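K.L.:
In the order they appear, the protein sequences are chains D and B.
According to this note's numbering, the first sequence is numbered sequentially starting from 1.
According to this note's numbering, the second sequence is numbered sequentially starting from 1001.
Sharing a structure here in structure tokens format.
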Amino acid sequence: MDTLVAIDNLTKRYSNTGRPALDGVSLTVQTGEAVAIMGPSGSGKSTLLNLMAGLDRPTSGSVTVDGQRIDSLSETGSAKFRREQVGMIFQFFNLLDDLTVIDNVLLPAQLAGLGRAAAKARAEELLIALRIERHKNAYPGRLSGGERQRVAIARALVNRPRLLLADEPTGALDTATGEEIGQLLLDLNSSGLTLLLVTHNPDLAAKYATRTIELSDGQVFRDSSDSITQVRR
Amino acid sequence: MSAVGGAVRGGLTRKRVQTMVIGLVLLVSTGASVLAVALLVDSHSPFDHAFTAQRGADLVVTSDPAKASSAQLAATRKLTGVTAASGPFATATVETKTNGGPAGPGGGPGGTQDLPPLTLAGRASPGGPVDDVVLQSGHWPKAAGQLVLDLGGGGGELPPFQLGTKFTVQGMPSHPVLTLVGTAVSVTSSAAGWVTPAEAATLASGNQTSGTQMLYRFAHAGNTAAIKADTKTIAAALPAGAIIGTQSWLAADLAETGNISAFVPFLIAFGVIGLVMSALIVANVVSGAVVAGYRRIGILKSIGFTPRQIVVAYTSQAAIPAVIGCLGGIVLGNLLAIPVLHNAEQIYGVGSLQVPVWVDVAVPAVLCAIVGLAAILPALRAGRLSAVQAIAIGRAPKTGRGYAAHRLFGRLALPRPVTIGLAAPFARPARTTMTLVAILLGATAVTFAVGLSSSLNRVVEGLRRTEEVPVTVSLPSSGIGVNVGRISIKHGPGGNSAAGQSPPVKQPSEATAQRTITAALRAQPGTKRYVAQADGSVTVAGLTQQVQLTAFQGNASWTGYALITGHWYTGPGQAVVPTHFLTETGKSVGDTVTLLVGDKQAKVRIVGEVFLTRNSGLYVLTDYQTLVNADATQGFPIDRYNVALKPGVSAADYTSSLQARLGNAFYFVMQNNQASDVIDLMITLIGTLTLLLAIVAGLGVLNTIVLQTRERVHDLGVFKAVGMTPGQTIVMAICWVAGIGIVASVMAVPLGMVVHGYVLPAMAHAVDLGLPASFLNVYKPGELVVLGLAGIVIAVAGALLPASWAAATKTGAALHAE
């Protein structure tokens, strides 16, 4: 398998005082892996996810995705990287309430400059695949949590990314719906999509991820792939 | 610190941008308003203000030194009715040549040139109980050979000689040389210049035009009758025939008001519009800021703030930056006023104009009151809302609002950031309306200002008529060309004879002069046509003031007087008159009026109403044959020729050439191209105020985008997370207001035109000035297209900065923000 994500000695500080949010983290993710990143609040999970998505810049170290150093990209470069390489889903869906379901899904494609017809065809294909096609003209506010997360997943997939970053994707859902979404993510991973999942939930990680990385105080505490347990400094 | 104090401090520090916007809006608004009001105040009767401040002379009496001694003149100070007097000052009217300076009388290049006679007075100092002369540059004469020239009250008639220019006095064996050491302003133009008393005595010795000047202020001098009575009192106290000339303050007042009155309505119109717009925009920004704080108000209420505490806290949050802005605005307004008022001083011919203290107090007070009101009303509303309601209103637009707009705009074949931006205003109709109003006012001000400038130019052109009459030829007796000497006020209604006397040179007879001029005009290549005119005073039954009459010898319909109603006269017995003449006489176009010319009567039928402000609009234009038929030509010498040129002929070249043909001795060929200081002042002022209003409107837009960015910070995070680039974010944020800008532009152009079309005639009407339709129909189609962009420019300019802030929003933080 190819290495899709390579993180090397990554450190992120939000202030000069206090401990860093991430402290010298190094890891790699292979294409097609389903990786769960776990850890308690404040362990650095979301910071790691933001840095991998190019939403923030590290204080030091590097993030390489599909051979491209994203920590040194300009803001515009980062945006284009997200558009082309990454799909993101969030705990609270982050859908735009004033856009219809299909318009939400279309948005990344339209920002990437895809023609409306082509973008619409792709969006409808995804909505059908995710079984929410009947809601395409509805507004997100009228949908259930599970339906909203499906819309968010459709939006994340519309530009055919290689990497799907999911931040607590079932955190706001009831158990049954969470199961559904977890299964959906598993299916996507099975189809070749690399999945990086941030979660508190050990069950979710165990069920849907092939590898678990545990963070603690900004450092990799445990990585199931090499069975090395790091001792806290 | 109290809870309210803490809330205020927290609000101010947390919302620095908004605090700064309120401060800036008040800074610029106060600056603009101070400037506008100061100009309005100073433009209102500038002559009266200057006359009071400089203790202007009600009457200047020039007496024959051979007949009235200094002691006799000094004794007149104590006459009944005399409240103050200065003098006696020796005077001499001298012929001079300069070694350079500006243009010759023909407008040609500077060089050695003959000048019209100058009446010089010997004064040891510029001050005194009467006629406090204000030095404008250089210093007062301290030694022999030094000269200060009057800049020319009410008209700036004196060419701008450089300090150091030498004036060689003609007609004296020693050919004394006077060096210009300063310029000054006498509000009643008591002399053309001043020298030391000793120098004046030297110049007067052996000079037939010497005299002794006394300057008086009287208890009663408000009208011609009072001045006549005062003159009689002085004359009675002096030996018979001692007085050789008098000059009344009324003459200077008339000259002054004739120049300024045409522009005052325009200035008032713009000042008023500017003030109203400033007030509206300030109210808009402040109330918007308070409404934007509703969520925080809800939180404060939930922790126990009373409605009263809410009102105090939120009014204070607006008031603190507003007061600071106002204080800065006073400084800004005064700084901006310095050059503008300095120009006004020179144009109005008055010594010193300043921003009145009450303006510096009243303007910020009014604006602060507007801020208070604009803050209190929404704060009161917020105070009455429940905490939950306030949080709900403040947090997000009402669910469902603007969704349809998003669907509709989403179908347009435009980039998605553009359509999202264009649809956004529909989610917040109240804020959108306020932003629309701010841009609309700014863009309307621009449209109005452009129209006003064009109208002003038409007014100037209507008064100067340079297109139609680019050149005039005058005889010395006309007063044209010898104004600098102020030796004659024979046409001034306030005077009854010459304040000085004609120079001791032989002039050609009137008939000879006319033959010479007409022969020269016919022989001169480039002459298209010309018409002679005679000027004088007449009286009209029922009017106490004298009416000026200009009679043209031939067809003068081409001379460019702008008609308001009716038509140009077509023959003897017809006349055209200004609006004020009609008002004063109660006549209308079509009526007949009887003119009393000396002991003769001439009946004329009024056939047209023209735009004319000279002599306060008490004027009659008619055919010379009207006077001939009434045998009333006495006192109406033909002494001026209006000349039109063939296409392509240079007025400057023509003027020089004709002056050379006629010689410099008696005839003055003038190119009618003098730049108008008044119009320059007005356009500077209008430009400054428009810019300030546009800035205030732009700040209103900035305020909207800041509010929008804060409110939609989470959405911005989502947009960026799904791949929106900074450039696309800026485009989207600009489009939040670009659509509003387009709508405002579309509305502003007709609105500005309506305001222009309504306000100008109304203001002009208030001062009894009619305006021809051509002065109001000034907007050209191409110009309207450009003006249509004003609102968009204001919107985009105001949005750029906060749009870039929006683009720089940290995505991670934004996604977790509520």
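C-beta: ideal position from N, C-alpha, C; glycine also.
If you're wondering where the values come from, they're calculated on a predicted model, not measured in any experiment.
Are the region 1683-1699 of chain B and the region 1563-1571 of chain B touching by the rule of at least three beta carbon pairs closer than 8 Å?
P.N.:
At 8 Å Cβ cutoff, the stretches do not touch.
K.L.:
Is the number of C-beta pairs between the region 1313-1320 of chain B and the region 1400-1417 of chain B that are closer than 8 Å three or more?
P.N.:
No contact exists between the region 1313-1320 of chain B and the region 1400-1417 of chain B.
K.L.:
With 9 Å set as the bound, which would you pick, yes or no: does the beta-carbon of Asp1715(B) sit closer than that to a beta-carbon of chain D?
P.N.:
Locating residue 1715(B) in the second sequence gives position 715, where the first residue counts as 1. Yes, Asp1715(B) counts as interfacial toward chain D.
K.L.:
Give the secondary structure of Gln1533(B) by DSSP, where H, G and I count as helix, E and B as strand, and everything else as coil.
P.N.:
To locate residue 1533(B), count along the second sequence from 1; it is residue 533. DSSP places Gln1533(B) in strand when its eight states are reduced to three.
K.L.:
Please work out which residues of its chain come closer than 8 Å, Cβ to Cβ, to Gln85(D), disregarding the five sequence neighbours upstream and downstream, and give them in chain order.
P.N.:
For the purposes of this step, residue 85(D) is taken as residue 85 along the first sequence, with counting starting at 1. Excluding sequence neighbours, Gln85(D) sits near Val65, Asp66, Gln68, Pro161, Arg162, Leu163.
K.L.:
Do you know how far the Cα of Thr210(D) is from the Cα of Gln223(D)?
P.N.:
On the first sequence, residue 223(D) is found 223 positions in, with the first residue counted as 1. On the first sequence, residue 210(D) is found 210 positions in, with the first residue counted as 1. For the record, residue 223(D) in the displayed sequence is Asp; it is not Gln. Taking the straight line joining both Cα atoms gives about 11 Å.
K.L.:
Compare the C-beta of Leu196(D) with all C-beta atoms of chain B and state if any pair is closer than 9 Å.
P.N.:
As a first step, residue 196(D) must be located in the first sequence, where it is residue number 196. Chain B, which has no Cβ nearer than 9 Å to the Cβ of Leu196(D), makes this no.
K.L.:
Cα-Cα, which of Leu27(D), Leu185(D), Tyr14(D) is closest to Ser42(D)?
P.N.:
Within the first sequence, numbered from 1, the residue matching residue 42(D) stands at position 42. A small fix is needed here, since residue 42(D) is Gly in this sequence, not Ser. Comparing Cα positions, the closest option is Tyr14(D).
K.L.:
By the DSSP assignment, the alpha helix (DSSP H) with Lys207(D) in it spans what residues?
P.N.:
Sequence index remark: in the first sequence, residue 207(D) carries index 207 (1-based). That run of the alpha helix (DSSP H) goes 202-208.
K.L.:
Since Val1195(B) sits in a beta bridge, which residues does DSSP pair it with?
P.N.:
Within the second sequence, the letter at position 195 stands for residue 1195(B). DSSP output for Val1195(B) lists Gly1122(B) as bridge partner(s).
K.L.:
Bridge partners of Leu196(D), per DSSP?
P.N.:
As a first step, residue 196(D) is located in the first sequence; it is residue number 196 there, counting from the start. DSSP lists Val35(D), Leu165(D) as partners of Leu196(D).
K.L.:
Among Cys1326(B), Pro1173(B), Ala1032(B), Gln1514(B), whose alpha-carbon lies nearest the alpha-carbon of Val1276(B)?
P.N.:
If you number the second sequence from 1, residue 1276(B) lands on position 276. When only C-alpha atoms are compared, the closest one is Ala1032(B).
K.L.:
According to DSSP, is Leu114(D) part of a helix, a strand, or is it coil?
P.N.:
Sequence index remark: in the first sequence, residue 114(D) carries index 114 (1-based). Leu114(D): coil per DSSP, three-state reduction.
K.L.:
Whole-angstrom Cβ separation of Gly32(D) and Gly192(D), contact assumed at under 8 Å?
P.N.:
The residue labelled residue 32(D) in the question sits at position 32 within the first sequence. The residue labelled residue 192(D) in the question sits at position 192 within the first sequence. The Cβ separation is near 6 Å, so the contact holds.
K.L.:
Whose CA, out of Pro1525(B), Ser1248(B), Ser1650(B), Ala1445(B), lies closest to the CA of Gly1752(B)?
P.N.:
Stepping through the second sequence from its first residue, residue 1752(B) is reached at position 752. Minimum Cα distance to Gly1752(B) is reached at Ala1445(B).
K.L.:
Quick one: is Arg1522(B) buried, meaning 16 or more other Cβ sit within 10 Å of its Cβ, or exposed?
P.N.:
For this step, residue 1522(B) is matched to residue 522 along the second sequence. Its Cβ having fewer than 16 others within 10 Å, Arg1522(B) is exposed.
K.L.:
By the three-class DSSP mapping on this structure, what secondary structure does Gln149(D) have?
P.N.:
Residue 149(D) sits at position 149 when you count from the first residue of the first sequence. Helix, per DSSP.
K.L.:
Please report whether the beta-carbon of Ala172(D) lies at a distance below 9 Å from any beta-carbon of chain B.
P.N.:
Locating residue 172(D) in the first sequence gives position 172, where the first residue counts as 1. No - not a single Cβ of chain B is within 9 Å of the one on Ala172(D).
K.L.:
To the nearest angstrom, how far is it from the Cα of Thr1655(B) to the Cα of Asp1535(B)?
P.N.:
Along the second sequence, read from residue 1 onward, the residue named residue 1655(B) stands at position 655. Along the second sequence, read from residue 1 onward, the residue named residue 1535(B) stands at position 535. If I take the Cα positions, the gap works out to 23 Å.
K.L.:
So the beta strand (DSSP E) Ala1225(B) belongs to, where does it begin and stop?
P.N.:
For this step, residue 1225(B) is matched to residue 225 along the second sequence. Where Ala1225(B) is concerned, there is no enclosing beta strand (DSSP E), although the alpha helix (DSSP H) it sits in stretches over 1224-1237.
K.L.:
Can you give me the C-alpha to C-alpha distance between Ser1455(B) and Asn1777(B), rounded to a whole angstrom?
P.N.:
For the purposes of this step, residue 1455(B) is taken as the residue at position 455 of the second sequence. For the purposes of this step, residue 1777(B) is taken as the residue at position 777 of the second sequence. Taking the straight line joining both Cα atoms gives about 8 Å.
K.L.:
Under 8 Å, with one C-beta from each stretch per pair, do the region 1296-1316 of chain B and the region 1382-1393 of chain B reach the 3-pair mark?
P.N.:
The answer is yes - the region 1382-1393 of chain B touches the region 1296-1316 of chain B, with three or more Cβ pairs under 8 Å.
K.L.:
Determine, using beta-carbon pairs with one atom in the region 169-182 of chain D and one in the region 88-102 of chain D, whether at least three such pairs fall under 8 Å.
P.N.:
Enough Cβ pairs lie closer than 8 Å, so yes.
K.L.:
Residues of the region 1690-1721 of chain B with a CB closer than 7 Å to any CB of chain D: list them in chain order, please.
P.N.:
Within the region 1690-1721 of chain B, the residues whose Cβ lies closer than 7 Å to some Cβ of chain D are Asp1715, Val1718, Lys1720, Ala1721, listed in chain order.
K.L.:
Using a Cβ-Cβ cut-off of 8 Å (strictly less than) and excluding sequence neighbours within five positions of Val1169(B), which residues of its own chain qualify?
P.N.:
Counting from 1 along the second sequence, the entry for residue 1169(B) is found at position 169. Around Val1169(B): Val1094, Glu1095, Thr1096, His1175, Pro1176, Val1177, Leu1178, Leu1203.
K.L.:
Should the region 1694-1712 of chain B be called in touch with the region 1724-1736 of chain B, which here means at least 3 C-beta pairs below 8 Å?
P.N.:
They touch, by the three-pair rule.
K.L.:
Arg1431(B) touches chain D at which residues, Cβ-Cβ below 9 Å?
P.N.:
Taking the first residue of the second sequence as position 1, residue 1431(B) is located at position 431. Within chain D, no residue comes near Arg1431(B); the closest Cβ sits about 15 Å away, beyond 9 Å.
K.L.:
How would you list, in chain order, the residues of chain B whose beta-carbon sits under 7 Å from the beta-carbon of Thr100(D)?
P.N.:
Along the first sequence, one-based indexing puts residue 100(D) at 100. Here the neighbours are Arg1407.
K.L.:
Am I right that Ala1744(B) and Phe1636(B) are in contact with their C-beta atoms under 8 Å? What's the rounded C-beta distance?
P.N.:
As a position in the second sequence, residue 1744(B) is number 744, starting the count at 1. As a position in the second sequence, residue 1636(B) is number 636, starting the count at 1. The Cβ separation is near 57 Å, so there is no contact.
K.L.:
Can you check DSSP and say which residues form a bridge with Tyr1641(B)?
P.N.:
One-based indexing of the second sequence puts residue 1641(B) at position 641. Tyr1641(B) is bridged to Val1473(B), Ala1532(B).
K.L.:
Using the three-state DSSP reduction, which class does Gln1146(B) fall into: helix, strand or coil?
P.N.:
Here the question's residue 1146(B) lines up with position 146 in the second sequence. If DSSP states are grouped into helix, strand and coil, Gln1146(B) belongs with the strands.
K.L.:
For Asp1132(B), tell me which candidate among Val1181(B), Ser1190(B), Gly1782(B), Thr1091(B) has the shortest Cα-Cα distance.
P.N.:
The residue given as residue 1132(B) occupies position 132 in the second sequence. Nearest of Val1181(B), Ser1190(B), Gly1782(B), Thr1091(B) to Asp1132(B), Cα basis: Ser1190(B).
K.L.:
Residues in the same chain with beta-carbon distance under 6 Å from Leu1699(B), minus the five sequence neighbours each way, listed in chain order, please.
P.N.:
Locating residue 1699(B) in the second sequence gives position 699, where the first residue counts as 1. Counting only Cβ-Cβ distances below 6 Å, and skipping sequence neighbours, we find Val1021, Leu1024, Val1025.
K.L.:
Is it right to say Leu1702(B) is buried, meaning 16 or more other beta carbons lie within 10 angstroms of its own, or is it exposed?
P.N.:
Numbered from its first residue, the second sequence carries residue 1702(B) at position 702. Leu1702(B) should be labelled buried.
K.L.:
When the Cα atoms are used, what is the spatial distance from Gln30(D) to Arg150(D)?
P.N.:
Residue mapping note: residue 30(D) aligns to position 30 of the first sequence, counting from 1. Residue mapping note: residue 150(D) aligns to position 150 of the first sequence, counting from 1. So the alpha carbons of these two residues sit roughly 25 Å apart.
K.L.:
Would Val1130(B) and Ala1084(B) be called neighbours here (beta carbons separated by less than 9 Å)?
P.N.:
For the purposes of this step, residue 1130(B) is identified with residue 130 of the second sequence, where counting begins at 1. For the purposes of this step, residue 1084(B) is identified with residue 84 of the second sequence, where counting begins at 1. Closer than 9 Å, so yes.
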